[in-house]
Amino acid sequence: MLGTSMVIGDGVLTPCISVLSAVGGIKQAKSSLTQDTVVWISVAILVVLFMVQRFGTDKVGYTFAPIICVWFAFIAGIGVHNFIKFDPTVIKAINPEYIVDYFRRNKKDAWISLGGIVLAITGTEALFADVGHFTVRSVQISMCAVTYPALIMAYTGQASFLRKNNGLVGDTFYKSIPDSLYWPMFVVAVAASIIASQAMISGTFSIIQQSLSLGCFPRVKIVHTSTKYEGQVYIPEVNYLLMLACVFVTLGFRSTTKIGNAYGIAVVFVMTLTSSFLVLIMVMIWKTNILLVISYVVIIGSVELLYLSSVLYKFDQGGYLPLAFAGLLMAVMFVWNDVYRRKYYYELDHKISSEKVKEIINDTNFCRLPGLAMFYSELVQGIPPIFKHYAANVPALHSVLVFVSIKSLPISKVPLEERFLFRRVEPKELNVFRCVARYGYTDVRNEHEPFEKMLVEKLKEFIKNDFWLFHLHGTQGVTNGDQAVGADQNDVGESKEGLVNAEENQNVENGDWKRTEEEERHETLDREIEAVDRAWRAGVVHLIGENDVVASRGSGIAKSILIDYAYTILKKNLRQTDKLFDIPHKRMLKVGMTYEL
499 MLGTSMVIGD
509 GVLTPCISVL
519 SAVGGIKQAK
529 SSLTQDTVVW
539 ISVAILVVLF
549 MVQRFGTDKV
559 GYTFAPIICV
569 WFAFIAGIGV
579 HNFIKFDPTV
589 IKAINPEYIV
599 DYFRRNKKDA
609 WISLGGIVLA
619 ITGTEALFAD
629 VGHFTVRSVQ
639 ISMCAVTYPA
649 LIMAYTGQAS
659 FLRKNNGLVG
669 DTFYKSIPDS
679 LYWPMFVVAV
689 AASIIASQAM
699 ISGTFSIIQQ
709 SLSLGCFPRV
719 KIVHTSTKYE
729 GQVYIPEVNY
739 LLMLACVFVT
749 LGFRSTTKIG
759 NAYGIAVVFV
769 MTLTSSFLVL
779 IMVMIWKTNI
789 LLVISYVVII
799 GSVELLYLSS
809 VLYKFDQGGY
819 LPLAFAGLLM
829 AVMFVWNDVY
839 RRKYYYELDH
849 KISSEKVKEI
859 INDTNFCRLP
869 GLAMFYSELV
879 QGIPPIFKHY
889 AANVPALHSV
899 LVFVSIKSLP
909 ISKVPLEERF
919 LFRRVEPKEL
929 NVFRCVARYG
939 YTDVRNEHEP
949 FEKMLVEKLK
959 EFIKNDFWLF
969 HLHGTQGVTN
979 GDQAVGADQN
989 DVGESKEGLV
999 NAEENQNVEN
1009 GDWKRTEEEE
1019 RHETLDREIE
1029 AVDRAWRAGV
1039 VHLIGENDVV
1049 ASRGSGIAKS
1059 ILIDYAYTIL
1069 KKNLRQTDKL
1079 FDIPHKRMLK
1089 VGMTYEL
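This is the structure we're talking about:
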């Protein structure tokens, strides 16, 4: 949860610092512009950026993809130009001896400077988001063949420039650009900052989607914007919250210095946590040699902890912001996940057996109404306890009852013939079924009548298949028995003529019996299908379980605050079940029940 919270915090800070630093370059050409003007221009760009997220990563990415190629070409070309023009001897900096000399000369100041140096590698922590949009091989090729070489040439050129211009450290990027390329570079830099922001916004959407599927994040609407890549999603509620957070941070800090301090903590925290989880994967899944694991921890871990200690030194200079974000998000995620698990285990422990359903329906005070009722539940196996609560308070039930559980699968589309899985709740006379409706992430879910019609049609198919499958096994058993009886008669030694006559008479009787039995089977099946059709014509009612949760009696103060206050506040301000399922309100009935957890 800490890592997830830090990535979301990173998704707030990356657009702020990227856009603000890029737009700040306009003061080099227009010195009359104030910092306030730069801040408001940055805010306007951020608002537009978040507004176009609804069109999807595909459209936004394809729009800016050529620009990022131009960006890398520009910074690499300018870097080579500055390297040749000012001081090519900076190539000696690849010698590790200079690192040791740097720390020996500057001591504590050198350690503090690591907090700024780490900003040179920011963005790499968001590579996980790209895997959801592109193949691993394409990410590896683009990083190793384009991004990394371009950055090395850019930073080398800036180092050469600073060798001759020591007093321009604060504005190295724009000051090192040749005058003839200033405005083209400014435009490309602003566009590139938008792309960098887009990567972290997409990463935030992806990680929230994964957290939601694990029950670690409150219910939000997930809009899949690509039929090819599952990771390309758009979350409207999160998008607007991110936009507001970015605007407030930009207006509040107003400079890249404080935002950079906060940004550095978020980035290094994410990197350190990622390395920690990688160690667990190496030990538990990859079964890596322990010596390699220790080497990784000593080398990578010591470097990352050194950078982490440096960025934390600037905690009071804006570094507190990502930790505040992480604390708030962790609290929300912990509250939701804890109560979510408690509710799930409560329903598992209190689910209703088939015998109890039969007992409830066969109660003399219980009547069946014409119609079809769909009872929605998250419980896939078993019948939720809220059904017993409903039956106790409303002693009437429709003639056909289907418990529906809607599940999303990590694939683009689920074929219609595979969408519905049915099981019958015995005995058959109850006309009670359980159904799992499976949807891919680009399938349109529940467009009122079509969903109901598809479910009823598939239910009738299930009844037919189940009926004939059951009687197929029964017919095979009878056939085997007939053959055994014939063999016994043969063993007794009856005459051939008498045996033939007996077999002919028996075949006639068996033929009449089989035709009668076949007709009875068809009539039975027709009655079952007709019962479903009558219920469908009588009308469909959607029953939604609304579960309120309270802390059980005798619970401690912490548990009471967690369930009675924190979770209740979250639930009241988030998406309700009927909105998630897109259920028609005219035929919806909510059934309330209180769970004591």
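Offset between the sequence shown (1-based) and the numbering used here: plus 498. From the three backbone atoms N, C-alpha and C, an ideal C-beta is built for every residue, glycine too. Since this is a predicted model, take the numbers as computed values, not measurements.
Checking contacts by CB at 8 Å: is residue i closer than that to chain C?
| i | result |
| --- | --- |
| I1059 | Within the model displayed, chain C is absent; a lone protein chain is all it includes. |
Nearest by alpha-carbon distance to residue i: which of the options is it?
| i | options | result |
| --- | --- | --- |
| Y1093 | H1083, G1043, A1056, A1064 | G1043 |
| C714 | M952, G501, S1053 | G501 |
| D1024 | A571, G1054, N963, S800 | N963 |
| G577 | P586, Q656, A520, M499 | Q656 |
| A890 | V900, S903, V855 | V855 |
| V796 | F813, Y811, V777, I582 | V777 |
| L827 | I675, A1036, P716 | P716 |
| V505 | Y738, P820, L1095, G1052 | P820 |
| V1030 | E950, V588, F581 | E950 |
| I1067 | F960, V837, L518 | V837 |
| V1047 | S1053, I1061, W1034, G1054 | I1061 |
| E915 | S903, L739, K956 | K956 |
| G758 | T532, I720, T620, R1085 | T620 |
| Q708 | R635, I539, M831 | M831 |
| K583 | I592, T654, R635, A591 | T654 |
| M499 | I693, K719, G825 | G825 |
| G668 | G522, C933, V791 | G522 |
| E1028 | T532, I961, F671, E1015 | I961 |
| E927 | P948, L899, S903, V954 | L899 |
| E1016 | I1055, Y738, N1045, W966 | W966 |
Can you list, in chain order, the residues of its chain with a C-beta nearer than 6 Å to that of residue i? Leave out the 5 residues immediately preceding and following it.
| i | result |
| --- | --- |
| R936 | K905, L907, V912, R917 |
| P513 | L544, S695, C744 |
| K1057 | A1049 |
| I798 | S773 |
| A1036 | P868, G869 |
| M741 | F548 |
| F767 | M504 |
| V983 | Unreliable positioning characterises V983 in this predicted model, as indicated by a pLDDT of 37, which lies under 50. The coordinate reading is nonetheless provided below. Closer than 6 Å at Cβ, skipping near neighbours: no residue. |
| K994 | The pLDDT assigned to K994 is 45, lower than 50, so where the model puts this residue is not dependable; a value taken from the coordinates is nonetheless given after this. Around K994: no qualifying Cβ. |
| Y1065 | V833, V837 |
| R752 | V537 |
| V747 | C514 |
| G613 | G762, S808, V809, K812 |
| F864 | P893 |
For residue i, I'd like the list of residues in its chain whose CB is within less than 8 Å of its CB, leaving aside the five on either flank, ordered along the chain.
| i | result |
| --- | --- |
| R866 | I859, A894, L895, H896, S897 |
| L1087 | V1039, H1040, L1041, I1042 |
Does DSSP put residue i in a helix, a strand or coil?
| i | result |
| --- | --- |
| R917 | coil |
| N1045 | strand |
| A935 | strand |
| L1087 | strand |
| I850 | strand |
| T633 | coil |
| T620 | coil |
| L1060 | helix |
| T532 | coil |
| G991 | Only weak support exists for where G991 lies, its pLDDT of 44 falling under 50; the value from the coordinates is given anyway. G991: coil per DSSP, three-state reduction. |
Apart from the five residues on each side of it in sequence, which residues of its chain come closer than 7 Å, Cβ to Cβ, to residue i?
| i | result |
| --- | --- |
| C642 | none |
| A618 | Y653 |
| I909 | G938 |
| Q815 | K756, N759 |
Given 8 Å as the limit, is there contact between the stretch 696 to 710 and the stretch 519 to 539, that is, 3 or more CB pairs closer than that? Contact between the stretch 696 to 710 and the stretch 519 to 539 is not established, with fewer than three Cβ pairs separated by less than 8 Å.
What are the complete alpha helix (DSSP H) segments, minimum 4 residues, inside the stretch 701 to 760? 734 to 751
Below 8 Å, how does it come out for the stretch 759 to 771 and the stretch 797 to 812: are there three or more Cβ pairs, yes or no? yes
Write down every uninterrupted run of the alpha helix (DSSP H) in the stretch 864 to 924 whose length is 4 residues or greater and which is fully enclosed by it, in chain order. 884 to 891
Those runs of the alpha helix (DSSP H) which lie wholly inside the stretch 748 to 834 and span at least 4 residues: 754 to 782, 788 to 794, 800 to 810
Should the stretch 563 to 573 be regarded as contacting the stretch 676 to 690, the criterion being three or more beta carbon pairs within less than 8 Å? yes
Mind pulling the alpha helix (DSSP H) runs of 4 or more residues that sit fully within the stretch 546 to 614? List check, alpha helix (DSSP H) in window: 555 to 583, 595 to 604.
Output the residue ranges of the alpha helix (DSSP H) runs that lie fully inside the stretch 653 to 683 and measure 4 residues or longer, sorted by chain position. 670 to 673
Evaluate the contact criterion for the stretch 676 to 683 versus the stretch 596 to 607: three or more CB pairs, one atom per stretch, below 8 Å. no
State whether the stretch 870 to 882 contacts the stretch 833 to 851, with contact taken as three or more CB pairs (one from each stretch) at a distance under 8 Å. yes
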